[in-house]
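Participant: Can you read through this structure? Questions will come right after.
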Amino acid sequence: MKLQKPFTLPCGAIIPNRMAKSAMSENMATKNHQPNKALNTLYKTWTDGGIGLCITGNVLIDRKHLNGEFNVVFDEQSDMQAIKKWASCAKGSNQHLWVQINHPGRQPIPFSKQKPVAPSAIRVNIMNERVFQTPKALTEPEIVEIIEKFGQAASISKEAGFTGVQIHAAHGYLVSQFLSPLSNIREDKWGGSLENRARFLIEIYKKIRNIVGKDFPIGVKLNSADFQKGGITEEESMQVIDMLETIGIDLIEVSGGTYERPKMMGSKQKNSTKKREAYFIDFVQKVRKQTKVPLMLTGGIRNIDFMEQCLEENQLDFIGIARPYALEPNLANDIFEGKTKSLEHLNSNLNGALDISVHEKYLADIASGKKPKILKGFSLKLFMLKNFFHLLKGGNK
Ligand SMILES: Cc1cc2nc3c(=O)[nH]c(=O)nc-3n(C[C@H](O)[C@H](O)[C@H](O)COP(=O)(O)O)c2cc1C
Numbered sequence: 002m003k004l005q006k007p008f009t010l011p012c013g014a015i016i017p018n019r020m021a022k023s024a025m026s027e028n029m030a031t032k033n034h035q036p037n038k039a040l041n042t043l044y045k046t047w048t049d050g051g052i053g054l055c056i057t058g059n060v061l062i063d064r065k066h067l068n069g070e071f072n073v074v075f076d077e078q079s080d081m082q083a084i085k086k087w088a089s090c091a092k093g094s095n096q097h098l099w100v101q102i103n104h105p106g107r108q109p110i111p112f113s114k115q116k117p118v119a120p121s122a123i124r125v126n127i128m129n130e131r132v133f134q135t136p137k138a139l140t141e142p143e144i145v146e147i148i149e150k151f152g153q154a155a156s157i158s159k160e161a162g163f164t165g166v167q168i169h170a171a172h173g174y175l176v177s178q179f180l181s182p183l184s185n186i187r188e189d190k191w192g193g194s195l196e197n198r199a200r201f202l203i204e205i206y207k208k209i210r211n212i213v214g215k216d217f218p219i220g221v222k223l224n225s226a227d228f229q230k231g232g233i234t235e236e237e238s239m240q241v242i243d244m245l246e247t248i249g250i251d252l253i254e255v256s257g258g259t260y261e262r263p264k265m266m267g268s269k270q271k272n273s274t275k276k277r278e279a280y281f282i283d284f285v286q287k288v289r290k291q292t293k294v295p296l297m298l299t300g301g302i303r304n305i306d307f308m309e310q311c312l313e314e315n316q317l318d319f320i321g322i323a324r325p326y327a328l329e330p331n332l333a334n335d336i337f338e339g340k341t342k343s344l345e346h347l348n349s350n351l352n353g354a355l356d357i358s359v360h361e362k363y364l365a366d367i368a369s370g371k372k373p374k375i376l377k378g379f380s381l382k383l384f385m386l387k388n389f390f391h392l393l394k395g396g397n398k
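FYI, this note's numbering numbers position 35 of the sequence shown as 36, with every residue one higher than the one before it.
Laid out in structure tokens, this is it:
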């Protein structure tokens, strides 16, 4: 199968197969934001499942800015022993385990008391100020400090034994906020022209490359577009990819959407797009014509023949899958062994926050050594009720 063929990245690292697990925030670290036994069990189960490139859920670079109560944070308070244990989940195999590093910017934990920051003081346009406060516009020294923190998190990742990092520049988080003219109306060198809006991402990449060296993989998860009037367009995203290719990026993962327009999860996609495999395939096909940068596509891919066809026709290099791995951690091996032909039966068909919560529960099941069971009918209603009471009590998961 093409899916089983190894791939060499520009930095020289070899990924043993084309099955990639896209980031899923686990929300199960310790209260002090350190990795723990639950995370180790989850990632050991995934790497045992044959995934070639396993990307962690977003790891935050600053504990003052979280997007989940139990995020992992890589900073000066990090417990290196705990992080090394987590990184060792892929040890002894040739599989890759990369850390996705992120800053939420104006999309922190909903209802959080933490004052968010962003390129400009423009609030996420969802419900009211209680859910997402108006962020404080970052000063130039603060921007430089955040770039340093991205570097620090990448340095910790490498030192601990992870085999790569991915900068989260998609889904409306801080890097994507800088890219989008809807959230970035700055008039200094960090806003305005595309070159200026992309500067934050480019500087983060350069900082990390300086720290980790030329042989260590660095990827970026990028929106094909924000799907909002006035947001970043496909044409602009393509130009950003060109910029990243020129400076040596190893892998671009294509996704799309923000909290305001959650296209990455298939929500509010036209039925024709949902039916057709892969939400962002048209964009990837266009990018492929223009650049040679290695490409991973994520969002809605569920059919094995389609995956093979994409690789066979050289439309992309890695098949990014998220939600199905929360129910079937052994998915990659099952596909290689011909035991699975389609992942359609793993679709929850839920939307937005509920879909995330349901999948977080499946991740928690795997982390405690159980086989996750799909929630539907009565079990789904019960889960929703428990979730509702958790929220009423001030929980934010
Ligand atoms: C529980 C959950 C957590 C997620 N957390 C992240 C994350 O931390 N970083 C990220 O880039 N995407 C995150 N995503 C989005 C996925 O990576 C992926 O883009 C999306 O689920 C579409 O892929 P799929 O159709 O294969 O699930 C998350 C998705 C889910 C369900």
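Backbone N, C-alpha and C define an ideal beta-carbon position, used for all residues, glycine too.
As the structure is a prediction and not an experimental result, all values here were calculated from the model.
Return yes when the Cβ of Lys208 is within less than 9 Å of the Cβ of Glu149, no when it is not.
Facilitator: Cβ distance < 9 Å, so Glu149 and Lys208 count as in contact.
Participant: In angstroms with no decimal places, state the Cα-to-Cα distance between Cys12 and Glu246.
Facilitator: When rounded, the distance between both Cα atoms is 12 Å.
Participant: Measure the C-alpha to C-alpha separation of Pro117 and Glu146 and round it to an integer number of angstroms.
Facilitator: The alpha-carbon atoms of Pro117 and Glu146 are separated by roughly 15 Å.
Participant: Under three-state DSSP, which class holds Trp99?
Facilitator: Correct three-state label for Trp99: strand.
Participant: Using 8 Å for Cβ pairs, my map puts Asn129 next to Phe71. What's the rounded Cβ distance?
Facilitator: About 26 Å separates the two Cβ atoms, so there is no contact after all.
Participant: Specify the secondary structure class of His346 as computed by DSSP and reduced to three states.
Facilitator: Three-state DSSP puts His346 in a helix.
Participant: Whose C-beta lies closer than 6 Å to the C-beta of Ala171 among residues of the same chain, with five residues either side of it excluded?
Facilitator: Excluding residues within five positions, the ones whose Cβ falls inside 6 Å are Ser177, Lys222, Leu223, Asn224 and Ser256.
Participant: Under a three-way DSSP split, which group does Met385 fall into?
Facilitator: The answer is helix: DSSP assigns Met385 an H, G or I state.
Participant: Roughly how many angstroms separate the alpha carbons of His169 and Arg210, rounded to a whole number?
Facilitator: Spanning the two alpha carbons is a distance of roughly 15 Å.
Participant: For Lys38, is the beta carbon positioned less than 8 Å from some heavy atom of ligand 1?
Facilitator: Outside the cutoff, so no.
Participant: Which of helix, strand or coil does DSSP assign to Lys3?
Facilitator: Lys3 falls in the helix class under three-state DSSP.
Participant: Using only the heavy atoms of ligand 1, determine whether one of them is closer than 8 Å to the beta carbon of His172.
Facilitator: Yes, Cβ of His172 sits closer than 8 Å to a heavy atom of ligand 1.
Participant: Any idea if Ser343 is buried or exposed, counting beta-carbon neighbours within 10 angstroms, 16 or more meaning buried?
Facilitator: With fewer than 16 Cβ atoms within 10 Å of its Cβ, Ser343 is classed as exposed.
Participant: Could you tell me which residues DSSP puts in a beta bridge with Phe8?
Facilitator: Looking at the DSSP assignment, Phe8 forms a beta bridge with Ile16.
Participant: With the cut-off set at 9 Å, would you say Gly50 and Pro330 are in Cβ contact?
Facilitator: Cβ distance < 9 Å, so Gly50 and Pro330 count as in contact.
Participant: Kindly list the residues whose CB is nearer than 7 Å to the CB of Ser181, restricted to its own chain and excluding five residues on each side of it in sequence; keep chain order.
Facilitator: So the list reads Asp227, Gly232 and Ile233, once near-sequence residues are dropped.
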